[in-house]
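J.:
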Ligand SMILES: [Fe+2]
Ligand SMILES: [Fe+2]
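Residue numbers (our numbering): 5 to 204.
1) Alpha carbon to alpha carbon, how far is residue 9 from residue 86? Give it in angstroms, no decimals.
2) Exposed or buried, what is residue 122 when buried is set at 16 or more other beta-carbons lying within 10 Å of its beta-carbon?
3) Suppose only complete runs of 4+ residues qualify. What are the alpha helix (DSSP H) ranges in the region 50-118, listed by chain order?
4) Tell me whether the region 135-154 and the region 98-110 touch, counting them as touching only if at least three CB pairs, one residue from each stretch, are closer than 8 angstroms.
5) Start and end of the alpha helix (DSSP H) containing residue 183?
6) From what residue to what residue does the alpha helix (DSSP H) around residue 23 run?
7) Do you know how far the Cα of residue 174 is from the Cα of residue 152?
8) Counting pairs of beta carbons, one from the region 62-75 and one from the region 124-144, are three or more of them closer than 8 angstroms?
9) I'd like the list of long-range same chain contacts for residue 185, defined as Cβ closer than 7 angstroms, with 5 residues on each side in sequence excluded.
10) Just checking my contact of residue 46 with residue 60 at CB under 8 angstroms: how many whole Å lie between their CB atoms?
11) Residues with a Cβ closer than 6 angstroms to any heavy atom of ligand 2, in chain order?
12) Measuring only from the beta carbon, is residue 128 closer than 8 angstroms to any heavy atom that is part of ligand 1?
13) How is residue 201 classed by DSSP in three states: helix, strand or coil?
14) Sorted by chain position, which residues of the same chain lie with C-beta nearer than 7 angstroms to residue 103's C-beta, five sequence neighbours on each side aside?
15) Which residue wins for smallest C-alpha separation from residue 17, given the options 94, 129, 56 and 43?
16) Where do the N-terminal and C-terminal ends of the alpha helix (DSSP H) with residue 153 fall, by residue?
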């Protein structure tokens with residue numbers, strides 16, 4: 005689904021459903037990072053007015069997600085601690101940068117960053133769906149919340165793909181990078197420890 009070549013191991017959702025405080029704290033940080041990443045990308049796309057506006061709107065939506073997860077934490081009396089390192093996202097960026105042509109133009113670097121973001125959205129989206137299913141009987145309200153977020157993040161995945169194509173202007177290049185990044189992402193997911201975190 006959503007351009008992902010491998011599915012998350014089913015054991016991940018079982019473990020995550022057993023440690024909701026850790027999942028919710030990690031999830032809150034993911035939404036905050038998604039908002040700040042969208043804003044940082046907006047700042048690098050000043051020359052593409054429509055792309056920039058779409059990214060600012062996305063940042064606002066991610067902040068709304070952040071607030072909703074915060075409310076969920078408050079309702080449960082869970083304090084938000086400091087973020088743990090998102091190894092998946094950081095390593096995906098590193099490996100994609102390593103696979104990029106040396107001295108690639110700045111525009112192509114931004115295209116890669118937009119595509120990496122599209123994969124992070126896709127993987128988060130896949131995992132929200134797994135979490136929604138795992139929580140369906142034990143916590144229907146939280147399950148419904150994750151179902152809603154599944155739809156939002158699927159839309160974000162498509163948006164990042166569209167924006168990459170618009171910034172790049174060369175659909176062939178975007179398709180090629182998508183195939184390359186999909187392989188990198190699939191290998192990376194196989195190395196994850198299946199910890200109770202969104203990208204764990
Ligand atoms: Fe989000
Ligand atoms: Fe998102």
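C-beta atoms are modelled at their ideal positions from N, C-alpha and C, and glycine is treated no differently.
Owing to the predicted nature of the structure, the values given are computational and were not obtained by experimental measurement.
T.: This is what the structure holds:
1) For this step, residue 86 is matched to residue 82 along the chain shown. For this step, residue 9 is matched to residue 5 along the chain shown. Each residue's alpha carbon lies about 32 angstroms from the other.
2) Here the question's residue 122 lines up with position 118 in the chain shown. Label assigned to residue 122: buried.
3) 53-79 and 91-102
4) no
5) Residue mapping note: residue 183 aligns to position 179 of the chain shown, counting from 1. It spans 175-193 - the alpha helix (DSSP H) in which residue 183 sits, taken as one unbroken run.
6) One-based indexing of the chain shown puts residue 23 at position 19. Neither: residue 23 is in no alpha helix (DSSP H) and is coded neither H nor E.
7) Your numbering for residue 152 matches position 148 in the chain shown. Your numbering for residue 174 matches position 170 in the chain shown. Each residue's Cα considered, the two are about 33 angstroms apart.
8) no
9) Within the chain shown, numbered from 1, the residue matching residue 185 stands at position 181. Correct list, in chain order: 100, 119, 120 and 123.
10) Within the chain shown, numbered from 1, the residue matching residue 46 stands at position 42. Within the chain shown, numbered from 1, the residue matching residue 60 stands at position 56. With a Cβ gap of about 5 angstroms, residue 46 and residue 60 count as contacting.
11) In chain order, the hits are 38, 66, 125, 157 and 160.
12) Within the chain shown, numbered from 1, the residue matching residue 128 stands at position 124. Checking the Cβ of residue 128 against ligand 1 gives yes.
13) To locate residue 201, count along the chain shown from 1; it is residue 197. Residue 201: coil per DSSP, three-state reduction.
14) Along the chain shown, read from residue 1 onward, the residue named residue 103 stands at position 99. Taken in chain order, the residues that qualify are 184 and 188.
15) Against the chain shown, residue 17 aligns to sequence position 13. Nearest option by C-alpha distance: 129.
16) As a working note, residue 153 is residue 149 in the chain shown. Looking at the DSSP string, the run of the alpha helix (DSSP H) that includes residue 153 is 144-172.
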